[in-house]
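Protein chains in written order, with the numbering used here: chain A, 1 to 164; chain B, 165 to 636; chain C, 637 to 735; chain D, 736 to 1348; chain E, 1349 to 1857. Let me begin by presenting the structure, written as structure tokens, before commenting on it.
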Amino acid sequence: MTGEIVGFWAVAVVLVAASLGVVLTPNLFHGVLWLALALVATVVVFLLLDAPFLFGVQLLLYAGGVVTIVVFAIMLTERLVGESIRQASRYVVNGAVLAAAVLVGIVGFLVATPGPGGRPAWTVDLTVALGEALVGPWAVVLQLLGALLVVALLGALYLARTDS
Amino acid sequence: MSGLGPFALELGLGALLVAVFVAGLLARGDDRRPIAWLATLGVLALLAVALLLEPAGPALGGRFVQDGLALFVKRLFLTATFIGLLAGISLPERAFARRAAEYHVLVLASLLGMLVLASARDLIVLFVAFELMSIPLYVLAGFRKSEGEAVEASLKFFLVGSVSSAVMAYGLSFVYGAVGSTDLGAVARALDGDHPLLQLGLLLALVGFLFKVAAFPFHMWVPDTYEAGPTPFVAWLSVAPKAAGFVALFRVYFEGTGAHAAAWVPIAAALATVTMLTGNLMAIPQQNAKRLLAYSGIAQIGYMLVGVAAASASGTAMVLFYLVAYVFGNMGAFLVVEALARAEGSEAISAFRGLAQRSPLLALAMLLFLLSLGGIPFVAGFWAKLYVFWAAAEQGLYWLVLLGAILTVVALFYYLVVARKMYIEPPDRPGRVPLSPTLALSVLLCALGVVLLGLYPKPVVMAALRVAAPLF
Amino acid sequence: MGLHAYLTLAAVVFAIGLFGVLTRRNAVGILLGIELMLNAVNINLVAFGRFHADLGGALFTLFTIAITVAEVAVGLAIVIVIFRVRRTVEADHLDLLRG
Amino acid sequence: MLTGSPTLALVVLGLPAASFLALALLRPLRRAGRLAGGVSITAIGAAFGAACLLWLRATSRAPLTSPSTSWAWIPADGEPMATVGVMVDELSMTMAVLVTLVSFLVQLYSLAYLVDEPAPSLGRYYAYHSLFAFSMLGLVLAPSFVQMFVFWELVGLCSYLLIGFWYDRPAAARAAAKAFWITKLGDLGFVAGIVMLWASAGTFDFWTLFGQAAGGTLPTEGLATIMFLIYLGAVGKSAQFPLHIWLPDAMEGPTPVSALIHAATMVTAGVFMVTRAFPLFGLVPDVLVLVAWVGAFTALLAASMACVESDIKRVLAYSTVSQLGYMMAAAGAGAPGEAFAHLVTHGVFKALLFLGAGVVIHLFHTNDVFRMGGLTGLPAVWVPFVLATLALAGIWPLPGFFTKEAILAGVLEGGFVGPFVLLAAGAFLTAFYMFRVVFLAFFAPAHGGHHGHHHVPTLMAAVCWTLAGLTVALGLRTALVGEHHPAPAWLPWLSLALALGGVGLAWSMYRRGVPDPAVVAAALRPLEWMARRRYGLDGLFAAAYRWGLLALASLVGWVDRYVVDGVLNVLSAWTLQGGDRLRRLQTGLAQDYVYGVALGALCLLVLARWAWS
Amino acid sequence: MIPFPVLSIITWAPFVGAVLIMFTARHRPLAVRLIALVTTTISTVLSVFIYVVYDREAAGFQFYERVPLVPPLGISYEVAVDGMSLLMVLLTSVIIFAGVFASWTVATRSQEFYALLLALVTGVYGVFVSLDVFVFFLFYELAVLPMYLLIGIWGSSGEVRPRGVFAWAFRQTGVGTKEYAAMKLTLYLLFGSAFILVGMFALYVNAGAASFSFLDLEATTFDPTVQFWVFLAFYVGFGILAGIWPLHTWSPDGHASAPTAVSMLHAGVLMKLGAYGVVRLGMGLLPEGATDLAWLVGSIACVNVVYGALSAMGQTDLKYVIAYSSVSHMGLVMLGAATLTEAGLNGAVFQMFAHGVMTGLFFALVGLVYEKAHSREIFRMGGFGRVMPGIATAFTVASLSSLGLPATSGFVAELLTFMGAWRSAHPWWLWPAVAGTFLTAVYVLRVAKQIFWGPPSPHFHHLEDARGPEWVALVLLTAVIVVFGVAPGLAIGPVDTATVPLLARIIRP
């Protein structure tokens, strides 16, 4: 138990710090790196929550895929504009106040809820169960997701390519 | 294959999607309009099928239902899509001719999302369908990608949409967490206890729906997107996804909740109030016809929210009827704007000057649409407004009805401004407004819908009442 | 650690993401904020799934991750095209449409 | 046959009505002019005959149990709310005869007097006359207050139309409207009064009301107010102070009209009404006191104004006002019979005076007495006029003497010493101003060169002579067989002395120049100044109209346009501006839109917290 | 009783005419007029017919027709007339019949003009004959909306200078133009209909009978609170149309800007819809509400009478004078109704008729004068009596009716109203009412004097009197004013059969 607590706090600190880095750093490129860190931290959270399969998915898709795409995008736009993209923030105080208010609002609901007693034991292997579910009852939904990804790709391609 | 019965429409649409996609891969040359015809006629065929279909039992372990409600709105989606696609066939720009496949794949994919959304009884299905519906729309809004306005609109739409779906997903996560199941039936049952997390989740999830239907203050993407998007697409965008948003809202918030639905009355009433108010007020100073219609559309959503605020079977039914009326009235109005824009090269309201003397029938059609949107007797919109007010009055929300009815007057102000341009002011130039046959046909369909529903709303009202009744 | 700890952590990340969306000028920066918000969703889902010992959470997370990727792809495509047309990705500069 | 009386009365009423309808609806007939006149004259002549017949038949019989016959007019669930019909009693029959007679003569006279009028216009004139005859007869035969009011207003209308007969003269147009407005002012009281009376007594019907009054069942609460309001109607119509100001201006109409309407008949309607309703007025002595005082005051006031007037018709108009004052004073003093008698005789000789004046005006084409004169050689012109003047001045044995003396006696008998003194002074002035006119207009030296044709149309002369004969006949009849009002023995002598004194003074001043009128005027400077300006009353009314009513109207109009409607426009403008302001929310910046989403979400949370707690 | 649906024919004949005109008579102006004439003649003849045939002994609603429209919601097309609506139908017929003639000379887009006019008339008839409250509402809207285009296209603009502290608002809204007037009128009336709608729903929901039928609702006794609020809603909603102060400002602008026939119909009939609604629905369905709020209705009516008359006096634009006179006279109508007495209510209904015809005549005349002299400025005109004696005569008759001269219908109405006022719970209402008649006398005769009397100006020598078809309108309306003034029993007989039962419900112990 104590290991988990220590792990949680460590990951929590890293995650929050990395998240803050994402939104505060003036350099966009650094921001992406901070995001990668945050995603990795999240992955660790998944581990703490006994979800190793998601650990993998997240690591590959997010930390790998997403970050790569973003970096590409940044480089593409930088190449076009011919200078490194730096970004500033607007209305930081307003944003902070509003974000904090939303946080308070959410936490307000949270504290009103009694938490569950503890973690129930897993009776199945999550990875296997997920696999079975995805090819079983959730196959249709998975198809749908496939359609979504294809269409998103098609749309992204249509937009990103230059028509002669 | 009896197990696939409930999915007939989705499967058909999937096949059509694949066909269009493949046709796009095979097509060569600059004019690929046959693909557009393929998609349009395919949708028409699906509509015919949909009209013949009977409600079927649940599938996927209850995660997917093809009940009366689903069928009702699917017919509506298909009708709207057919009209929208029909009107879009004759879009003059090269992009639409050459990229017909992309355009139609995106539209059909979004339509697929709507169809599934209408049947979703599971949080995950709901979310996936919701995103499937939304993501193509971002691209479509910027389909004229060489135009600064279009891509700007696309970006705004995307950013606001993504944030909203993030909030929605966040909310759905709480819903799931509070219930321990993604099944909406379980969600409804869980309402029996006092559960702040569930409340939180439902509230945050509401943001996504409200974004989709464009209620204040989640509406802000609407005017910009409408103004810059291709008009036939905007016409469709202004109705179909909104209808989908409403039906999903009913599924989540009303279906099976019984007396708990009443909890949403104050919130829906407040939203209805601000949405009607701001939509109508902001429409007044508009000079661009599409922007005007965008704000008026927001106001229309406000009226539908009045029906939602009734939180009753009749309220739900009346919103459904409202949606039907809205599809014809709003699409029709947009399509007339499109016709004028093609002829005059302007989407400003001033382009309507003297239309009654140039093209009396087109002007009459526009007048009918405006009157329908304004809620004037003998066109569809009147019954729509009346019925939602009725439903609200049944629940004792007289103040809301009064407010709504008074704001109708404000709405009529800007509708009449357009009517004035058409009927009272002299034309700037002589001659009929040229109209391509497909566009004319789609306008005609809308006009017919508005008039027939206005004269004889009974079948649709009865159907709406019938399909809404099991929700409560 | 109890469920609430994870939920609170997710809420903080969500709020930070929202803050980023509200304050970053660069469109890509905004996108990163959205990513953070979605990340919070995932933490939530996994945590709930674990504490309910239910498969749904993980399943939901899976779909969310995939959808996020699709969104990011489309979003970045839009950023690229807008950069091409308007020579900027500063969201502050994009106000042709207003009023 | 008693049952015949209503029928005959209806014939009297119906003939002019038929004539009016014919003239109003048959355009060619109306535009034929003299033919239209013929139709009208025939009808009124026949009506006169019928009225005489009615009078002869009815007076030879015993009093009726209920002289009125009526039919429902405004139906209601139970009893009709208002009825129409005829009431045939001595009062109404006498009036009917007088009205038809004078109407007949005046219409005949007009045929000659308006000889220069274009035919269509003449047709219109006779249409109005027929309408007037019908209305006046309807008024006198009315069995109920409502019917009386109906015809009361209709005669007012005829008066309006006939004053404004030459409508393209601005003065006529002004005078017509003024007459209508001022009399309407009194009629407001009348209508309010009868409505209130109806509300308390449940009927408009005279006979029923009289029955209630006699039986003591009439609710007396508020009756004084009611009768006062009804009396206001008479104040307007019979030109009592302070609403008398319209009558002199009414002289803008053709002279025969003045003779008929503004001297003999219509203006006496007020007196007639008070007489008719005397059983009710009798119940409210307070109001009667007021009636008497106002009447007496009016009599003297008008007489004083007549003394300084130089327009012959206006002198006669003031004299009418003055005489109406006498009648009202008598009625107020509790002697309605005397008032009515004076009404009848006055009707005859005042008509004659006007018609005689019409002859003079016809000769001189002017109304100014100072530009007339030199008519000594035309007895056909001056004899009837002087006869009538003597009658008006109250010289024995002409009818004016008797009826005026009866009035004075009645007033004195009622214990109204104050009014008596006023009336007595008025009697002196009456003789004075009338003979002032006679001496100036007829016997003054002729003004050089301004002699029109000295030919008096036969018809006009004939009518004048007829009336003169009638005047004398009436006087002689009263002198020989009439019942004399019991009065102190000194009263006839006083009356006669006053009259002769007035005549003498006029003779001395205007024939002999002793004292010189200018010197007298200078001596009585303030009084003369006031009288010439009509004691400022016209000015007061004009000011009230212009600076009171019209200014208020402009103010209200302004308020409506710029405040009441202004508020609406401000609301509209605010709505428009609100749209414009709200529109600025739509900054065009994507992140502001996200702010919208975030704020919206936050508000949802707060709202839910609030709504669900 | 009558083998054919006479009320439906009356109601829909003009609509059929409108459709025929739109689809057959394009660019054939004479055909347009003939179709309009024929269809309105059908309605008029049948209105006279039912007026004669109506069984006064039996009273109540007659010529009943019913077709269910939406049975589950209790909506049906249900029409019938009682004594009150009978008179109103007759009024509508008279006015539209005259209106068709009065607008014979409309030259621009005459086909659309007549079509809209006829559609509007159907709405008016429909309101008067409907027994179903919902259908009543539908017809009401139908009667209001064509106004926008009718005024906007064929109307005339006046001149209003922005002044006072609110001048900026006047500039912003464009006060004075016909577009402004059209918009104001339409929106204001629809604003009123919002209240009616709410009231209607409240009745429906509270009756619990799932029926909009007047007869069913009448049989329901509503809770006093409901009665109070619904009556208030009806009063405000219908009252706007009836021109109650201070919600009347649409009426002067609207009437002044509208073309002749539209002003006639609007001031003559449409404003009556408002009063009719208050009496029929407000008092008929909500007796206690009516009793509770009678003080308000009557007191505001008094303001209307005096304020309207003074405003009329303060105008320099001929059309505005007449328009404000309507405000004043509608005050008398409402006052009569508010007295809740037999005399007053009969007076109110009769006043609706009398004022309708009278103001119809007024607007017909004003239209003619405007058309000929091209001026609405009273003080720039003068001496027209010489060149247009017919118009002058008719104007005089209208004026006299307006000031309540006996032998015109205006008098009977006013007298009854006075009688009712003094017998009501608030006798003081008599005084403003009486004062109003005097003020009316002042302003109408002042106008008549200024325009028709006085020396003829050389400017206007070329003007002509009314011609051909215009005479029909003038003669008909004048005749109706006089005939009903001389024989008021013609109208009050049937009306009384309707008002007495109505009052019996209100004054139930």
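For glycine and all other residues, C-beta sits at the position ideal for the given N, C-alpha and C.
Backbone secondary structure at residue i - three-state DSSP
i, result
"M1729/E", "coil"
"A727/C", "helix"
"G820/D", "strand"
"N452/B", "strand"
"T804/D", "strand"
"E956/D", "coil"
"F228/B", "strand"
"A284/B", "strand"
"I540/B", "coil"
"L561/B", "coil"
Per-residue contacts from residue i into chain D (C-beta, under 8 Å)
i, result
"R90/A", "Q1326"
Residues that residue i contacts on chain D, provided the C-beta gap is smaller than 7 Å
i, result
"K1858/E", "Nothing can be reported for residue 1858/E, as the shown portion of chain E is limited to 1349 through 1857."
Residue environment, residue i, which counts as buried when at least 16 other CB atoms sit within 10 Å
i, result
"D922/D", "buried"
"L215/B", "exposed"
"Y1080/D", "A small correction: the amino acid at residue 1080/D is Thr; Tyr does not occupy that position in the sequence shown. Classification of T1080/D: buried, given that the 10 Å Cβ count is 16 or more."
"L1215/D", "exposed"
"H1397/E", "The displayed chain sequence assigns Phe, not His, to residue 1397/E. Exposed, since its Cβ has fewer than 16 Cβ neighbours within 10 Å."
"Q451/B", "exposed"
"S845/D", "buried"
Residues that residue i contacts on chain C, provided the C-beta gap is smaller than 7 Å
i, result
"I1314/D", "With the sequence shown as reference, residue 1314/D is identified as Gly, and Ile is not the correct amino acid for it. Within 7 Å Cβ-Cβ: nothing; G1314/D doesn't reach chain C, min ~11 Å."
Nearest-angstrom Cβ-Cβ length linking residue i and residue j, presumed shorter than 8 Å
i, j, result
"I247/B", "L609/B", "6 Å"
"A1615/E", "K1667/E", "About 10 Å separates the two Cβ atoms, so there is no contact after all."
"L743/D", "A778/D", "Not quite, the Cβ-Cβ distance comes to about 15 Å (not below 8 Å), so this is no contact."
"T1003/D", "S973/D", "7 Å"
Under 8 Å from the C-beta of residue i: neighbouring residues of chain C
i, result
"E266/B", "Going along chain C, no residue has its Cβ under 8 Å from E266/B, so there is no contact; the nearest lies around 12 Å."
Interface residues of chain A facing residue i [CB-CB closer than 8 Å]
i, result
"A1333/D", "L98, A99 and V102"
Chain B residues whose Cβ lies nearer than 8 Å to that of residue i
i, result
"E1527/E", "R584 and I588"
Chain-ordered neighbours of residue i on chain H, where CB pairs are closer than 8 Å
i, result
"Y1655/E", "Here the protein chains are A, B, C, D and E, and chain H is not one of them."
Inter-stretch contact (C-beta, 8 Å, three-pair minimum) for the stretch 467-478 of chain B and the stretch 504-514 of chain B: As far as the Cβ criterion goes, the stretch 467-478 of chain B does not touch the stretch 504-514 of chain B, which means the pair count is below three.
contact_flag[the stretch 1636-1651 of chain E, the stretch 1277-1288 of chain D] where n(CB pairs < 8 Å) is 3 or more: The answer is no - the stretch 1277-1288 of chain D does not touch the stretch 1636-1651 of chain E, with fewer than three Cβ pairs under 8 Å.
Sufficient close CB pairs (3 or more, under 8 Å) joining the stretch 1057-1072 of chain D to the stretch 1149-1167 of chain D: Yes: the two stretches touch, three or more of their Cβ pairs being nearer than 8 Å.
Cβ pair count under 8 Å reaching 3, the stretch 866-875 of chain D against the stretch 984-1003 of chain D: By the C-beta criterion, the stretch 866-875 of chain D is judged to be in contact with the stretch 984-1003 of chain D, since at least 3 inter-stretch pairs fall below 8 Å.
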